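The structure appears right after this line, and notes come after that.
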Amino acid sequence: MPKTLPAARVAVGASLVLLFLLSLGIGVDDLSIRSAAVDSAALQLLLVSRLPRTLAAILVGAGLAIAGLVMQILVRNRFVEPTTTGTDQSAALGVLAVTILFPAASIATKTVVAASAALAGTSAFLAMAHRLPPTQPFLIPLFGLIFGGVVGAAVTFIAWQFDLLQFVDVWTKGEFSGVLRGRYEMLWLVAAAVVFAWWIADRLTIASMGRDISTGLGLNYQRIVQLGLVMIAIISALGVVVVGMIPFVGLVVPNLVSRLMGDNLRAALPWVAATGSTLVLGCDILGRIIRYPYEIPVGTVLGVVGAGLFLWILFRRTDHG
Amino acid sequence: MAERRLWFLAGAALLAACAYMGVGLRGSIWFALELRAVRLLALAQVGVAIAVSTVVFQTVTANRILTPSIMGLDALYMFGQIAMVAALGVTGFVALEPRLKFAVETAVMMALALAIFVPMLRRRYDMGLLLLAGVVMGVLFRSLASLLARVIDPNAFAVAQGASYVDFNTVRTDLVLIGLVVTLAASAIVWHKRHLLDIVALGADSAIGLGVDWTRTLAGLLLLVAALVAVSTALVGPVAFLGLLVVALAERIVGSRRHRLLLPAATLTSVVVLLGGQTILQHGLGGASTLGVVIEFVGGIVFLCMLWSVSRR
Numbered sequence: 002m003p004k005t006l007p008a009a010r011v012a013v014g015a016s017l018v019l020l021f022l023l024s025l026g027i028g029v030d031d032l033s034i035r036s037a038a039v040d041s042a043a044l045q046l047l048l049v050s051r052l053p054r055t056l057a058a059i060l061v062g063a064g065l066a067i068a069g070l071v072m073q074i075l076v077r078n079r080f081v082e083p084t085t086t087g088t089d090q091s092a093a094l095g096v097l098a099v100t101i102l103f104p105a106a107s108i109a110t111k112t113v114v115a116a117s118a119a120l121a122g123t124s125a126f127l128a129m130a131h132r133l134p135p136t137q138p139f140l141i142p143l144f145g146l147i148f149g150g151v152v153g154a155a156v157t158f159i160a161w162q163f164d165l166l167q168f169v170d171v172w173t174k175g176e177f178s179g180v181l182r183g184r185y186e187m188l189w190l191v192a193a194a195v196v197f198a199w200w201i202a203d204r205l206t207i208a209s210m211g212r213d214i215s216t217g218l219g220l221n222y223q224r225i226v227q228l229g230l231v232m233i234a235i236i237s238a239l240g241v242v243v244v245g246m247i248p249f250v251g252l253v254v255p256n257l258v259s260r261l262m263g264d265n266l267r268a269a270l271p272w273v274a275a276t277g278s279t280l281v282l283g284c285d286i287l288g289r290i291i292r293y294p295y296e297i298p299v300g301t302v303l304g305v306v307g308a309g310l311f312l313w314i315l316f317r318r319t320d321h322g
Numbered sequence: 004m005a006e007r008r009l010w011f012l013a014g015a016a017l018l019a020a021c022a023y024m025g026v027g028l029r030g031s032i033w034f035a036l037e038l039r040a041v042r043l044l045a046l047a048q049v050g051v052a053i054a055v056s057t058v059v060f061q062t063v064t065a066n067r068i069l070t071p072s073i074m075g076l077d078a079l080y081m082f083g084q085i086a087m088v089a090a091l092g093v094t095g096f097v098a099l100e101p102r103l104k105f106a107v108e109t110a111v112m113m114a115l116a117l118a119i120f121v122p123m124l125r126r127r128y129d130m131g132l133l134l135l136a137g138v139v140m141g142v143l144f145r146s147l148a149s150l151l152a153r154v155i156d157p158n159a160f161a162v163a164q165g166a167s168y169v170d171f172n173t174v175r176t177d178l179v180l181i182g183l184v185v186t187l188a189a190s191a192i193v194w195h196k197r198h199l200l201d202i203v204a205l206g207a208d209s210a211i212g213l214g215v216d217w218t219r220t221l222a223g224l225l226l227l228v229a230a231l232v233a234v235s236t237a238l239v240g241p242v243a244f245l246g247l248l249v250v251a252l253a254e255r256i257v258g259s260r261r262h263r264l265l266l267p268a269a270t271l272t273s274v275v276v277l278l279g280g281q282t283i284l285q286h287g288l289g290g291a292s293t294l295g296v297v298i299e300f301v302g303g304i305v306f307l308c309m310l311w312s313v314s315r316r
């Protein structure tokens, strides 16, 4: 076990707590924890806006990181995640369809439809990915990125026909500024999905060795793949419906954590979730302070930070063997 | 045989141009014709720029499924544009002469493209890695551009956002002339070097064996590609898959990778697709600015199919 491990854990835990407090304190209105205790308006602000936003960032971050990790296990490739393999774009297609066909549908209905569409899109990608030659590890993520682009182009085309481009913009650009009390509660389902992932972690670890070995070890491989797919689809759909797409979290976090902790899934899983939360919350705070008092969407910040980290992982890997 | 097909393509391009000029003319005919002629010129040169730059890029990288756009070059141009706004301020940027601005942007982009791609190509990474890195770099530049746009001015991001959708309807007519100069000059150089390109297509080792100064040739050709991408991006915005689509089509039509045939074939195919597609969408489907999206959709599927067949071989 590497020596850096306890230090890294303490660092992740401490920064998450620190960012949590910072996130509650930063905003256009001044607010300190002490004033919230005496001033009812300040308390109201804290409960209606700051706390929901902070919790949403933590939940989404954990969910995206876990969804990415599970995706990487199912595809058996370190360079994929739901936003780069068409899952989120498929979810957006689902939301678009339900918006056009049943404009009055509730958020819950939209999420169910989005999750079904995400499931269909991801299954299609997975079926294609398993037929690509495993000797070329970069083909699968590339295939996924363009597949996502094609589904995204379909979304844009349909949205343009129905004059819904502005709506689509909301789902495709992740942002927490609209998250208030009453808007984010469904995200707690993400927490349930994370716990569920932890529960089936050992089976996922076996599944990561491939169909033949897992079947030999007595695992119902097909069942685990289906469970994993449903989990990814639900997390992605919730994210897309409530806050929009946030790229690269699922890609870089599992890679960074596995570098420190190896591939024991059950041990690594809570840290993947915590690191994901830290990254998303940190980027959201960054987006709030870069040009205070205006906000930069977290999706944009992560587009830069995440893409940079991803390129670093990509070239570091190949340069060091 | 191949020559006859070239003539056929030329006829189709002429037909597409006539259709673009003539279909659905109403009202003040001369005014409409003049307006359409400028746009025709702009679209045609975008077609030429995309076709030539894609052919050269594919030859340099020895890869048929690479295009400058897939490697994020047009995103790089947009990033350069926003970076200039950041350096000069919005008012300073607007006050600049558009042609001077275009020249500076193109120069910045050429320098950046050289700095990024020459080392990457010289290290001869695996094709998959190169492609993946290119796509991710495209995402990085796009995100950087929209991040910068928001940092400069909360309102300027709308401009950046508008520029990230391709729009064949509102072409930048003020840049048509300077764009034409760049496109023609770069295309002429490429045409002049067509035999050198045939040698480059053999790969680095063979080309060096035949006496080609590889690094210098590589750098020179990449500069030309960067200039052409700058023209098309400045005029209509980023078009990710058009180059891939037309070069693949042209290769099927003339049945050869010889640059003497491929360059004109790709150019003509590109003009046919752009002008014909625009005419059909504008008058047949009533949704002209969706051509970019349609190309993205069809081109993406073609790309996936090509990736599929290449990886199976």
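As you go down the protein sequences, you meet chains A and B in turn.
Using the numbering used here, you'd call the opening residue of the first sequence number 2 and step up by one each time.
Using the numbering used here, you'd call the opening residue of the second sequence number 4 and step up by one each time.
Just so it is clear, CB atoms sit at the ideal spot from N, CA and C, and this is done for glycine as well.
Source: prediction; values computed, not measured.
Whole-angstrom distance between Arg29(B) and Thr85(A), CA atom to CA atom | Here residue 85(A) refers to the residue found at position 84 of the first sequence. Here residue 29(B) refers to the residue found at position 26 of the second sequence. Between Thr85(A) and Arg29(B), the C-alpha separation is close to 46 angstroms.
Using a cut-off of 9 angstroms between C-beta atoms, extract the partners of Leu264(B) located in chain A.
-> Translated into the one-based positions of the second sequence, residue 264(B) becomes position 261. Residues of chain A passing the Cβ test: none, with the nearest at roughly 28 angstroms.
Just how far apart, CA to CA, sit Val185(B) and Val179(B)?
-> Here residue 185(B) refers to the residue found at position 182 of the second sequence. Here residue 179(B) refers to the residue found at position 176 of the second sequence. Cα to Cα, the separation comes out at about 10 angstroms.
Between which two residues does the alpha helix (DSSP H) harbouring Arg323(A) extend?
-> Since the displayed chain A opens at 2 and closes at 322, residue 323(A) lies outside it and no answer follows.
Which bits of chain A does Met140(B) rub up against, with CB to CB less than 8 angstroms?
-> The residue given as residue 140(B) occupies position 137 in the second sequence. Under the 8 angstroms cutoff, chain A gives Ala308 and Leu312.
Going by Cα to Cα distance, which pick from Gly219(A), Trp172(A) and Leu190(A) is closest to Asp203(A)?
-> Here residue 203(A) is taken as the residue at index 202 of the first sequence, counted from 1. Comparing Cα-Cα distances from Asp203(A) to each of Gly219(A), Trp172(A) and Leu190(A), the minimum goes to Gly219(A).
Kindly list the residues whose CB is nearer than 6 angstroms to the CB of Thr64(B), restricted to its own chain and excluding five residues on each side of it in sequence; keep chain order.
-> Counting from 1 along the second sequence, the entry for residue 64(B) is found at position 61. Excluding sequence neighbours, Thr64(B) sits near nothing in its chain.
Asn256(A) classed as buried or exposed, judged by whether at least 16 other C-beta atoms fall within 10 angstroms | Position 255 of the first sequence, counted from the first residue, corresponds to residue 256(A). It is buried - the Cβ of Asn256(A) has at least 16 other Cβ atoms within 10 Å.
Exposed unless 16 or more other CB atoms sit within 10 angstroms - verdict on Phe249(A) = Counting from one through the first sequence, the residue named residue 249(A) turns up at place 248. Answer is buried; the Cβ neighbour count reaches 16.
Check whether the Cβ of Trp161(A) lies closer than 8 angstroms to any Cβ atom in chain B.
-> Taking the first sequence and counting its residues from 1, the one referred to as residue 161(A) is at position 160. With 8 angstroms as the cut-off, Trp161(A) counts as an interface residue toward chain B.
Own chain partners of Ile236(A) with C-beta closer than 6 angstroms, once the 5 adjacent residues on each side are dropped = Here residue 236(A) refers to the residue found at position 235 of the first sequence. The residues are Gly64, Ala68, Val191 and Ala194.
Spatial neighbours of Pro101(B) within its chain, please: CB distance less than 6 angstroms, with the 5 preceding and 5 following residues excluded, ordered by chain position.
-> Residue numbering aside, residue 101(B) sits at position 98 when the second sequence is read from its first letter. Excluding positions up to five away in sequence, the list reads Asp177.
Reference Phe120(B), options Ile155(B), Ala229(B), Ala233(B) and Val203(B), closest by Cα = For the purposes of this step, residue 120(B) is taken as the residue at position 117 of the second sequence. That would be Ala229(B), whose Cα lies nearest to the Cα of Phe120(B).
Should Glu176(A) go down as buried or exposed, given a rule of 16 or more other Cβ atoms within 10 Å for buried?
-> For the purposes of this step, residue 176(A) is identified with residue 175 of the first sequence, where counting begins at 1. Buried, because 16 or more other Cβ atoms sit within 10 Å of the Cβ of Glu176(A).
For Asp164(A), does the count of other Cβ atoms within 10 angstroms reach 16, so buried, or fall short, so exposed?
-> Position 163 of the first sequence, counting from 1, holds the residue named residue 164(A). Result: exposed.
Counting along the chain, where does the alpha helix (DSSP H) carrying Lys174(A) start and finish?
-> As a first step, residue 174(A) is located in the first sequence; it is residue number 173 there, counting from the start. Unbroken run through Lys174(A): none, as it is neither H nor E.
Hey, how far is the Cα of Ala251(B) from the Cα of Ala121(A)?
-> In the second sequence, counting from the first residue as 1, residue 251(B) sits at position 248. In the first sequence, counting from the first residue as 1, residue 121(A) sits at position 120. About 30 angstroms.
Touch test, the stretch 268 to 277 of chain A against the stretch 150 to 160 of chain A, Cβ-Cβ under 8 angstroms, three pairs minimum | no
So which residues on chain B does Pro142(A) lean against when the C-beta distance must stay under 8 angstroms?
-> Taking the first residue of the first sequence as position 1, residue 142(A) is located at position 141. Those within 8 angstroms of Pro142(A) in chain B are Leu135.
From Phe11(B), Arg7(B) and Leu183(B), residue whose alpha carbon lies closest to that of Phe105(B) | For this step, residue 105(B) is matched to residue 102 along the second sequence. Taking only the C-alpha atoms, the option nearest Phe105(B) is Leu183(B).
So with Cβ pairs under 8 angstroms, would you call Val151(A) a contact of chain B?
-> Stepping through the first sequence from its first residue, residue 151(A) is reached at position 150. Chain B contact via Cβ: present.
For Ala98(A), does the three-state DSSP call read helix, strand or coil?
-> Your numbering for residue 98(A) matches position 97 in the first sequence. Of the three classes helix, strand and coil, the one that applies to Ala98(A) here is helix, per DSSP.
In its own chain, which residues sit with a C-beta less than 8 angstroms from the C-beta of Ser124(A), not counting the 5 before and 5 after it?
-> Residue mapping note: residue 124(A) aligns to position 123 of the first sequence, counting from 1. Contacts found: Leu230.
Please determine, among Leu213(B), Leu79(B), Gln61(B) and Gly141(B), the residue with the shortest C-alpha to C-alpha distance to Ala308(A).
-> To locate residue 308(A), count along the first sequence from 1; it is residue 307. Out of Leu213(B), Leu79(B), Gln61(B) and Gly141(B), Gly141(B) has the C-alpha closest to the C-alpha of Ala308(A).
Would you say Phe120(B) faces chain A, with C-beta separation under 8 angstroms as the test?
-> By 1-based counting over the second sequence, the position of residue 120(B) is 117. So, not an interface residue.
Flag this pair as yes or no: are the beta carbons of Ala115(A) and Ala9(A) separated by less than 8 angstroms?
-> In the first sequence, the residue the question calls residue 115(A) occupies position 114. In the first sequence, the residue the question calls residue 9(A) occupies position 8. No, they are not a contact pair.
Along the chain, where does the alpha helix (DSSP H) that runs through Leu75(A) open and close?
-> Against the first sequence, residue 75(A) aligns to sequence position 74. Its alpha helix (DSSP H) spans residues Leu52 to Val76.
Can you tell which of Pro241(B), Val275(B) and Arg7(B) has the C-alpha that lies nearest to the C-alpha of Ser23(B)?
-> Here residue 23(B) refers to the residue found at position 20 when the second sequence is read from its first residue. This sequence places Tyr at residue 23(B); Ser is not what is there. Minimum Cα distance to Tyr23(B) is reached at Val275(B).
Option nearest Gln285(B) by Cα separation, candidates Ala13(B), Gly27(B) and Ala5(B) | On the second sequence, position 282 is the one that residue 285(B) refers to. Taking only the C-alpha atoms, the option nearest Gln285(B) is Gly27(B).
Could you tell me whether the Cβ of Leu315(A) comes closer than 8 angstroms to any Cβ of chain B?
-> Your numbering for residue 315(A) matches position 314 in the first sequence. Judged by the 8 angstroms Cβ criterion, Leu315(A) is in contact with chain B.
Residues of chain A with a CB under 8 angstroms from the CB of Ile304(B): which are they?
-> Start at 1 with the first residue of the second sequence, and residue 304(B) comes out as number 301. Here the neighbours are Val151.
Would you say Thr157(A) faces chain B, with C-beta separation under 8 angstroms as the test?
-> Numbered from its first residue, the first sequence carries residue 157(A) at position 156. Taking Cβ atoms only, chain B reaches closer than 8 angstroms to Thr157(A), which makes this a yes.
Alpha carbon to alpha carbon, how far is Met2(A) from Arg317(A)?
-> Counting from 1 along the first sequence, the entry for residue 2(A) is found at position 1. Counting from 1 along the first sequence, the entry for residue 317(A) is found at position 316. The predicted position of Met2(A) is uncertain, since its pLDDT is 45 and thus under 50; no value can be drawn from it.
Beta carbon of Asn12(B) nearer than 8 angstroms to that of Leu266(B) | The count along the second sequence starts at 1 and reaches residue 12(B) at position 9. The count along the second sequence starts at 1 and reaches residue 266(B) at position 263. The sequence shown places Leu at residue 12(B), rather than the Asn named in the question. Contact flag unset, no.
Is Gly211(A) close to chain B, meaning its C-beta is less than 8 angstroms from at least one C-beta of that chain?
-> What you label residue 211(A) is simply residue 210 of the first sequence in a count that begins at 1. Cβ-Cβ to chain B under 8 angstroms: no for Gly211(A).
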